[in-house]
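What follows is one structure encoded as structure tokens, with my remarks underneath.
Protein chains: 2
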Amino acid sequence: MRYHIIFLKPSGKKIEAPQGERLLPILLASGVRIRSDCGGRGICGHCRVRFLKGAPPPTEAEAHLLSPEELEQGWRLACQHKVESDIALWIPPFVEEVSQEKVRQTFQPIFPLRPKASLIPLFVNQGGPNSALEKLKDALKEEIKPSLSLLRQLPGALEDGKGSVTFIRVGRKTVSVRPGSGNVDLLGLAVDVGTSTLAAYLLDLREGKELGAKAIANPQISFGTDVISRITYVRENGKKGLEELREAVVSGVNHLVKKLCLKAGAVPQDIVHAVFVGNPTMLHLLLGIDPSSIGEAPFAPVWKEALSLRAKDLDLMINAEAVVDLLPFVSGYVGADTVACLLACRLHEADGSFLLLDIGTNGEIVLGIGGKIFACSTAAGPAFEGGRISCGMPALPGAVSHVSLQARGLRWEIIGEEKPRGICGSGLVDLLAILLQTGLVNSSGRLVSRPGHFLSSHIVSYGNQLAFQIANTVSLTQRDIRELQLAKAAIRAGIEVLLEYAGGTPGEIETVYLAGSFGSQMRPESLVRIGLFPKDFVSKIRPVGNAAGLGAVIALLDCNALEEADEITKRIKYIELSRESLFSSKFVKHLHFPN
Amino acid sequence: MRYHIIFLKPSGKKIEAPQGERLLPILLASGVRIRSDCGGRGICGHCRVRFLKGAPPPTEAEAHLLSPEELEQGWRLACQHKVESDIALWIPPFVEEVSQEKVRQTFQPIFPLRPKASLIPLFVNQGGPNSALEKLKDALKEEIKPSLSLLRQLPGALEDGKGSVTFIRVGRKTVSVRPGSGNVDLLGLAVDVGTSTLAAYLLDLREGKELGAKAIANPQISFGTDVISRITYVRENGKKGLEELREAVVSGVNHLVKKLCLKAGAVPQDIVHAVFVGNPTMLHLLLGIDPSSIGEAPFAPVWKEALSLRAKDLDLMINAEAVVDLLPFVSGYVGADTVACLLACRLHEADGSFLLLDIGTNGEIVLGIGGKIFACSTAAGPAFEGGRISCGMPALPGAVSHVSLQARGLRWEIIGEEKPRGICGSGLVDLLAILLQTGLVNSSGRLVSRPGHFLSSHIVSYGNQLAFQIANTVSLTQRDIRELQLAKAAIRAGIEVLLEYAGGTPGEIETVYLAGSFGSQMRPESLVRIGLFPKDFVSKIRPVGNAAGLGAVIALLDCNALEEADEITKRIKYIELSRESLFSSKFVKHLHFPN
Numbered sequence: 003m004r005y006h007i008i009f010l011k012p013s014g015k016k017i018e019a020p021q022g023e024r025l026l027p028i029l030l031a032s033g034v035r036i037r038s039d040c041g042g043r044g045i046c047g048h049c050r051v052r053f054l055k056g057a058p059p060p061t062e063a064e065a066h067l068l069s070p071e072e073l074e075q076g077w078r079l080a081c082q083h084k085v086e087s088d089i090a091l092w093i094p095p096f097v098e099e100v101s102q103e104k105v106r107q108t109f110q111p112i113f114p115l116r117p118k119a120s121l122i123p124l125f126v127n128q129g130g131p132n133s134a135l136e137k138l139k140d141a142l143k144e145e146i147k148p149s150l151s152l153l154r155q156l157p158g159a160l161e162d163g164k165g166s167v168t169f170i171r172v173g174r175k176t177v178s179v180r181p182g183s184g185n186v187d188l189l190g191l192a193v194d195v196g197t198s199t200l201a202a203y204l205l206d207l208r209e210g211k212e213l214g215a216k217a218i219a220n221p222q223i224s225f226g227t228d229v230i231s232r233i234t235y236v237r238e239n240g241k242k243g244l245e246e247l248r249e250a251v252v253s254g255v256n257h258l259v260k261k262l263c264l265k266a267g268a269v270p271q272d273i274v275h276a277v278f279v280g281n282p283t284m285l286h287l288l289l290g291i292d293p294s295s296i297g298e299a300p301f302a303p304v305w306k307e308a309l310s311l312r313a314k315d316l317d318l319m320i321n322a323e324a325v326v327d328l329l330p331f332v333s334g335y336v337g338a339d340t341v342a343c344l345l346a347c348r349l350h351e352a353d354g355s356f357l358l359l360d361i362g363t364n365g366e367i368v369l370g371i372g373g374k375i376f377a378c379s380t381a382a383g384p385a386f387e388g389g390r391i392s393c394g395m396p397a398l399p400g401a402v403s404h405v406s407l408q409a410r411g412l413r414w415e416i417i418g419e420e421k422p423r424g425i426c427g428s429g430l431v432d433l434l435a436i437l438l439q440t441g442l443v444n445s446s447g448r449l450v451s452r453p454g455h456f457l458s459s460h461i462v463s464y465g466n467q468l469a470f471q472i473a474n475t476v477s478l479t480q481r482d483i484r485e486l487q488l489a490k491a492a493i494r495a496g497i498e499v500l501l502e503y504a505g506g507t508p509g510e511i512e513t514v515y516l517a518g519s520f521g522s523q524m525r526p527e528s529l530v531r532i533g534l535f536p537k538d539f540v541s542k543i544r545p546v547g548n549a550a551g552l553g554a555v556i557a558l559l560d561c562n563a564l565e566e567a568d569e570i571t572k573r574i575k576y577i578e579l580s581r582e583s584l585f586s587s588k589f590v591k592h593l594h595f596p597n
Numbered sequence: 003m004r005y006h007i008i009f010l011k012p013s014g015k016k017i018e019a020p021q022g023e024r025l026l027p028i029l030l031a032s033g034v035r036i037r038s039d040c041g042g043r044g045i046c047g048h049c050r051v052r053f054l055k056g057a058p059p060p061t062e063a064e065a066h067l068l069s070p071e072e073l074e075q076g077w078r079l080a081c082q083h084k085v086e087s088d089i090a091l092w093i094p095p096f097v098e099e100v101s102q103e104k105v106r107q108t109f110q111p112i113f114p115l116r117p118k119a120s121l122i123p124l125f126v127n128q129g130g131p132n133s134a135l136e137k138l139k140d141a142l143k144e145e146i147k148p149s150l151s152l153l154r155q156l157p158g159a160l161e162d163g164k165g166s167v168t169f170i171r172v173g174r175k176t177v178s179v180r181p182g183s184g185n186v187d188l189l190g191l192a193v194d195v196g197t198s199t200l201a202a203y204l205l206d207l208r209e210g211k212e213l214g215a216k217a218i219a220n221p222q223i224s225f226g227t228d229v230i231s232r233i234t235y236v237r238e239n240g241k242k243g244l245e246e247l248r249e250a251v252v253s254g255v256n257h258l259v260k261k262l263c264l265k266a267g268a269v270p271q272d273i274v275h276a277v278f279v280g281n282p283t284m285l286h287l288l289l290g291i292d293p294s295s296i297g298e299a300p301f302a303p304v305w306k307e308a309l310s311l312r313a314k315d316l317d318l319m320i321n322a323e324a325v326v327d328l329l330p331f332v333s334g335y336v337g338a339d340t341v342a343c344l345l346a347c348r349l350h351e352a353d354g355s356f357l358l359l360d361i362g363t364n365g366e367i368v369l370g371i372g373g374k375i376f377a378c379s380t381a382a383g384p385a386f387e388g389g390r391i392s393c394g395m396p397a398l399p400g401a402v403s404h405v406s407l408q409a410r411g412l413r414w415e416i417i418g419e420e421k422p423r424g425i426c427g428s429g430l431v432d433l434l435a436i437l438l439q440t441g442l443v444n445s446s447g448r449l450v451s452r453p454g455h456f457l458s459s460h461i462v463s464y465g466n467q468l469a470f471q472i473a474n475t476v477s478l479t480q481r482d483i484r485e486l487q488l489a490k491a492a493i494r495a496g497i498e499v500l501l502e503y504a505g506g507t508p509g510e511i512e513t514v515y516l517a518g519s520f521g522s523q524m525r526p527e528s529l530v531r532i533g534l535f536p537k538d539f540v541s542k543i544r545p546v547g548n549a550a551g552l553g554a555v556i557a558l559l560d561c562n563a564l565e566e567a568d569e570i571t572k573r574i575k576y577i578e579l580s581r582e583s584l585f586s587s588k589f590v591k592h593l594h595f596p597n
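Just so you know, the sequences run in chain order C and R.
Letter 590 of the first sequence, counting from 1, is numbered 592 in my numbering, and no numbers are missing.
Letter 454 of the second sequence, counting from 1, is numbered 456 in my numbering, and no numbers are missing.
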């Protein structure tokens, strides 16, 4: 086989690649971070790389997705080409940081501190011919099933502690036995595996105290931004692809563990209990389980119930014997993250009627009414997080987060007061609301050029479409408006289908919980103006931050929460929207914006 | 740090070693096979290597253990020197093969075929949004606790088998699920981890048929031939030493697995159940658990009960999820091998009184009388297996296996009809019996020179002691006789102590089971002549071959056997001889040979 060299700028890295191999997988496999939202199908246009010399002729997809100037400069899509000769590429920087909003909790439910993990100091009488294990059981006054690791640790712990040991267990499972009855740290890790973001929390399980929280982009983003493109990547690349995705997310979690422990002055070895939540596909990938069946009707996951696994088997860099609990799912698209949100908001105990929306890359909707709970998931897409929007970005410094209408024009706020780099979800919703209000976008979603309008100077031509430009670097194109329109229609239709199933009306709903970064920045008035919610929701909206992560934290701190999660899951009636003609009709109806 | 090179002949291998390190551990760590019976304490004299130039001055231990000629030729003990410069060594060959007697079964008990491992062909209906696991449970019509590996295999198995899968479990544990309902092999592995020998059996669990059996020397022999020297090695080398011993035995078992599978045309992946027996120290080392506490009073092991582990955690090269059962122990010195012997001989069901002796490197004795079972262990040493005997060797080709008295001299049989290379246990016992009978060894065990005796030409001087020479290469020295004398006194005293505890007499014993290679070659008359047994045992002796290995095989083939092993273990009353003054007095008494 012939090999070629790929030189990468600015890193200076060299990759050896077999003749004829596809460029994108080669780059990804070599650890190059490139965004690819469509799994290499030439649709998203994100896997841009610049050929520093000898760029190949552009493909049809590239002619469509890249401007003539870009093509001339050597920009191509890595998914469109094979390795046919030595190549020199410029790889644009990959922004990995994510908003710390993802982990900031503004919402604090009350729950008892009774962690599943516990420390038991023991004095073990070492005399007599009984086995060390029998002596341990005598001191503990109960029967235990020994693990290999316990047996390996026991003799050393007894010797070093001169009979005084600390027995560490999670539920009925023994994680470790250590010498002495001194100050042993008992730590827990809660992780929300989002399609876009990994958020992790380090907990002191004895005090019930958060020692740190941190979020990074899910490293799987290089393989596609949404659930479907990652499933497609597994389908197309088989076991190797599955393993790549598994390694990507596990390395992300391990990175978070390292950072959190470093900052808290803690030792990863002391993390003896971990709880993971996330959508079903993300948890399948975390465990290295093929999620393909979730990708097509009837969207069945491989498992749904809560799982209790061992850190070692997942390659997590915490205590090898640590218990890793995964919360249960409701269906292939209503996952452990949604269950965790319900747990965090104590909605399973709620008397009144409620609506919970967790709008991330997918949108999960839960309706509680008359003691019954209904749930559905809409493929709303990541538009409300700034995804698939030309100038969209997460709520990071440089993002336009709010836009308001002034007498003579617009005013906008930028996170961190810098120059605008892009616009995040809340800014998008504000801007769209203003455009609807001022008639620059009509009810069918068309951006209309209105000469003489006081904002008409903002309307510019953007390739073959119109756009509304608020700054040199930030504009909202006609295509962006379509993305928002589709997302809002899907969510609103989902809410109405659930109400129909429950036999309820919007008026009956007492509280609308908005989970995720989506909720924390949004202006309720703008959400209503674009028609995502009916009018009377304005006063009912309650942002709950990363409730999924909080639910995972609660499962660490309250051993009953795991059982509650099971009960919640069993109580939820799942509605599959793709089989509902009612959904289609409501979706089409809500493609229109309110007048 | 400065490094030196060690050149090894005849292998041509080069080892880099830090200045000042001890030579023996360096050689062992580099995979050089050297016998060391005393764990590097300069006692056994077995770790001989020849310095090809610049041999260091001999130590006191070497002056004692090596002849002047050997010292002059550059022979030294590897345990006595450090690496102080570049060294060139000649390493004598290490004989690894062991007698296949170790695995040949002459004794076949009857037991039902109801293996713990089973195959369940299923058709899984794949329609609907239920999870794959729920669909599997529906087909199986029972609840199962899924393992990570089951979940990883399930989607592929369902897809490849188009819903038809074979579910493989051991007891309640799911080992694997495979596509199709075709002809899946269901294999089991039984291993007897002896101090000297690893014996393994490959079983077809569906047919209850043995597919092969093989034995090799326990590779840990390089670290010391007996239990105590291996414990000492762990004590002196800590975790690193423990890991070396663990790796040695695991590599030995994996070697056996490879050979057995190769010969049977089987795939190691198809081995889903394994049963291990062995003495407590060997099983501690197999699991990587510090056995130090067994090495000193009160000789407590780390655990005693039966364990059920996972192949992956033990680094066994069989199915990663295979269930590995270890039979329980009675005490730190009466192990799972003894329990397996009782199981194999169905002695827990026996009505009559019996004695069971498993004489290997240690000697375990079990007495059943009046429905009660008593057991003890004697540090008899390996003399009856040819260990610590100057010309001793296992029952391999070249070993004198039997000696008989003729009118004018001696007649001897050599295994394989070759030239004698040494003498094995049965030959030793025959020879000693003849020497006692002819008065050349007196009742105190002294070899006496009797001018004019028809065998007097065999008596030669051997260094500073007398020896009885039967061929140029084979002689029995005074020191050898002392070893046999100590071993026989210990076993005989052990038998008498047990009888005393049980309130029984030798006459009541109906059958004397001799387990191990020890029993299969011995002449009962010779055993009685040297005083190992009282006279009336001659007609009661029944060799049962490697009953420990057979017990492990039975535990594979009969799921009830594991429970029976537990019951047996609980029924046995263990007598610690080291605390018995009665043992000391009987031991001293039986140091004398019968007149």
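Think of the CB as a built atom: it goes at the ideal place given N, C-alpha and C, for glycine as much as any other residue.
A quick note: this is a predicted structure, and the numbers were derived from the prediction, not measured.
Counting every other CB atom within 10 Å of its CB across the protein chains shown gives Leu264 of chain C a total below 16, marking it as exposed.
In the DSSP assignment, the residues bridged to Val172 of chain R are R:Ala119, R:Lys175. For a Cβ distance threshold of 7 Å, residue set Leu289, Ile291, Val304, Trp305 of chain R lies close to Leu153 of chain C, ordered along the chain.
Every alpha helix (DSSP H) stretch that sits fully inside the region 20–60 of chain C and reaches 4 residues is listed by chain position as 25–31. Just so you know, the alpha carbons of Trp414 of chain R and Gly400 of chain R end up roughly 12 Å apart. For the 8 Å CB-CB criterion, Val167 of chain C and Val179 of chain C form a contact.
Residues of chain C whose Cβ lies closer than 7 Å to the Cβ of Asp315 of chain R are, in chain order, Leu150.
If you look at Ala352 of chain R, you'll find it isn't in any beta strand (DSSP E); DSSP assigns it neither H nor E. Ile291 of chain R is a Cβ neighbour of Leu153 of chain C, given a cutoff of 8 Å. Ser253 of chain C places its beta carbon 8 Å or farther from that of Cys40 of chain C. By the Cβ neighbour-count rule, Leu115 of chain C is exposed, with fewer than 16 other Cβ atoms within 10 Å of its own. From the beta-carbon of Phe539 of chain C, no residue of chain R is found nearer than 9 Å; the closest lies around 30 Å away. Here Val514 of chain R has Leu357, Phe539, Lys542, Ile543 as same chain residues with Cβ atoms under 6 Å from its own Cβ, once five neighbours each way along the sequence are excluded. When 9 Å is used as the limit between beta carbons, Glu578 of chain C is near these residues of chain R: Pro131, in chain order.
If one requires a minimum length of 3 residues, the beta strand (DSSP E) runs lying completely within the region 337–382 of chain R are 356–361, 365–371, 374–380, in chain order. Chain-order list of chain R residues neighbouring Leu311 of chain C: Ser149, Leu150, by C-beta distance under 9 Å. Arg581 of chain R sits exposed, since fewer than 16 C-beta atoms from the chains shown fall within 10 Å of its C-beta. Taking Cys49 of chain R as the centre and dropping the five residues before and after it, the same chain places the C-beta of Leu26, Ile36, Ser38, Leu79, Ala80, Cys81 closer than 6 Å to its C-beta, in chain order. For Glu136 of chain C, the chain R residues whose C-beta falls within less than 9 Å of its own C-beta are Ala302, Trp305, Lys306, Glu307, listed in chain order. Cβ contact annotation for Tyr503 of chain R (same chain, cutoff 7 Å, sequence separation greater than five): Phe376, Ile577, in chain order. Identification of chain R residues near Leu156 of chain C by a Cβ-Cβ cut-off of 7 Å yields Val304, ordered along the chain. Closer than 8 Å to the CB of Ser183 of chain R there is not a single CB belonging to chain C.
Contact check for Ala338 of chain C against Phe331 of chain C passes: the beta carbons are separated by less than 8 Å. Taking 8 Å as the threshold, the shortest C-beta distance from Gly334 of chain C to chain R falls below it. By the rule that beta-carbons nearer than 8 Å mark a contact, Ser583 of chain R does not touch chain C.
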